[in-house]
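Residue numbers (this note's numbering): 758 to 1088. What follows is a set of notes on a single structure, which appears directly below.
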Ligand code: NDP
Ligand code: MG
Ligand code: MG
């Protein structure tokens, strides 16, 4: 069974006296840094001058250039976008990553695919919250936490696990649960989840359902409410109590349609595509493609993003949401 940790398993002294540099102040950087600070830990922020710098300062942090922050810190948590990490590491972090320090990540991409190769005399660990940064922050302020994964890539000090757990406690994760994995497993399952189910799978499913209804002559507004708006209501039920709770809340008609038609929509072809997508993650094809895409300034990323931004479902969606009071503060 996978190893699980809670608050009682943590030795807070493992990082109580250390300086933690959070590099980046975006989704994860801001959420993790604010939680660590409110947990009484000594946090500084590493950035380049700009918007994030000003925000971090205005929220009470000492902010330094990345190299300076890495130099001052005992624990360096890299929370800038995955595709920028290798270059920033090479120029600013690596040169200041002296013996005995701890290098930390929230995703294993750059270690697993060999884009960052740390020296042998530092600990290399991962603390990866299983939720977006604003949820990491919000659940913490509500007295809870989002679950997190920890993983140990290098443990020269013999303390790497203790440090990872104490950090996980600092961001509130041990209030929920912390599971131990390894860099390979976290990287491959995270990429697969976001590609096949969470981001890629769900947007493709919703888009296909919307297009099918609209092409058949139904009103786009009806299609939007049916296949996009209601998705959240169903997912909330699944989140709270699994398929069983969701099915106890829907009509028997809906349940019968779900059980008999769902597997036709996501059938053999989808399973085969999922296997292919997983293989491309496992054999490095996806990583290579994404690294090269960034080297040529992301033409595919940009074109595909724009095409979806201009899709009818987005246009109809923003009109409908503008009419619904519950979205007033979310636009
Ligand atoms: P973001 O895209 O939110 O990071 C943006 C931040 O990085 C900004 O503060 C930006 O500063 C800074 N930044 C970008 N480039 C540089 C640079 N060259 N030098 C200095 N600062 C830079 O990242 P995420 O929070 O989404 O992701 C961070 C890590 O967390 C990744 O490894 C990701 O896989 C992982 N993760 C993310 C999750 C999420 O929900 N987003 C969930 C779990 C893990 P500026 O304003 O100057 O551009
Ligand atoms: Mg991810
Ligand atoms: Mg219905």
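Beta carbons are placed, not taken as given, at the ideal position from N, Cα and C, and that holds for glycine.
Residue i: first and last residue of the uninterrupted alpha helix (DSSP H) it sits in
i            : result
residue 1051 : 1042-1052
residue 981  : 977-981
residue 872  : Unbroken run through residue 872: none, as it is neither H nor E.
residue 940  : 940-949
residue 1028 : 1025-1039
residue 1071 : 1069-1080
residue 1056 : 1056-1066
residue 967  : 957-972
residue 830  : Note, residue 830: premise wrong, no alpha helix (DSSP H); not H, not E.
residue 848  : Where residue 848 is concerned, there is no enclosing alpha helix (DSSP H), given that its DSSP letter is neither H nor E.
residue 784  : 784-795
Status (buried if at least 16 other CB within 10 Å, exposed otherwise) for residue i
i            : result
residue 1003 : buried
residue 1084 : exposed
residue 780  : buried
residue 1000 : exposed
residue 817  : exposed
residue 947  : buried
residue 813  : buried
residue 997  : exposed
residue 774  : exposed
residue 1053 : exposed
residue 858  : buried
residue 1061 : exposed
residue 902  : buried
residue 1023 : exposed
residue 873  : buried
residue 867  : buried
residue 894  : buried
residue 1028 : exposed
residue 839  : buried
residue 1091 : No answer is possible for residue 1091: the residues shown for the chain start at 758 and end at 1088.
Any non-hydrogen atom of ligand 2 closer than 7 Å to residue i Cβ
i           : result
residue 766 : no
residue 947 : yes
residue 972 : no
residue 951 : yes
Close beta carbons around residue i, own chain, < 8 Å, minus the five adjacent residues each side
i            : result
residue 925  : 762, 767, 884, 905, 907, 931 and 935
residue 985  : 963, 967, 1070 and 1074
residue 1050 : 1056, 1057 and 1058
residue 941  : 865 and 869
residue 877  : 911 and 913
residue 845  : 780, 823, 835 and 837
residue 770  : 923
residue 854  : 827, 833, 860, 875, 876 and 879
Any non-hydrogen atom of ligand 1 within 7 Å of residue i CB
i            : result
residue 784  : yes
residue 885  : yes
residue 862  : yes
residue 839  : yes
residue 798  : no
residue 805  : yes
residue 851  : no
residue 845  : yes
residue 808  : yes
residue 1053 : no
residue 1016 : no
residue 817  : no
residue 836  : yes
residue 890  : yes
residue 781  : yes
residue 920  : no
residue 954  : no
residue 823  : yes
6 Å Cβ shell around residue i - same chain, five flanking residues per side excluded
i            : result
residue 927  : 793, 796 and 798
residue 897  : 792 and 929
residue 834  : 779 and 861
residue 1031 : 953
residue 809  : 782
residue 875  : 860 and 881
Terminal residues of the beta strand (DSSP E) in which residue i lies
i            : result
residue 868  : No beta strand (DSSP E) holds residue 868; the alpha helix (DSSP H) holding it covers 866-869.
residue 1003 : Careful: residue 1003 lies outside any beta strand (DSSP E), inside the alpha helix (DSSP H) at 987-1006.
residue 855  : No beta strand (DSSP E) holds residue 855; DSSP gives it neither H nor E.
residue 1020 : Note, residue 1020: premise wrong, no beta strand (DSSP E); alpha helix (DSSP H) at 1009-1022.
residue 910  : 905-911
residue 803  : 799-804
residue 821  : 820-822
residue 860  : 859-862
residue 1109 : Since the first and last residues shown for the chain are 758 and 1088, residue 1109 lies out of range.
residue 883  : 880-886
Neighbourhood of residue i by C-beta, 7 Å cutoff - its chain only, sequence neighbours within 5 removed
i           : result
residue 980 : 967, 970 and 971
Inter-stretch contact (C-beta, 8 Å, three-pair minimum) for the segment 905-922 and the segment 1005-1014: no
At least 3 beta-carbon pairs within less than 8 Å: the segment 772-789 vs the segment 885-894: yes
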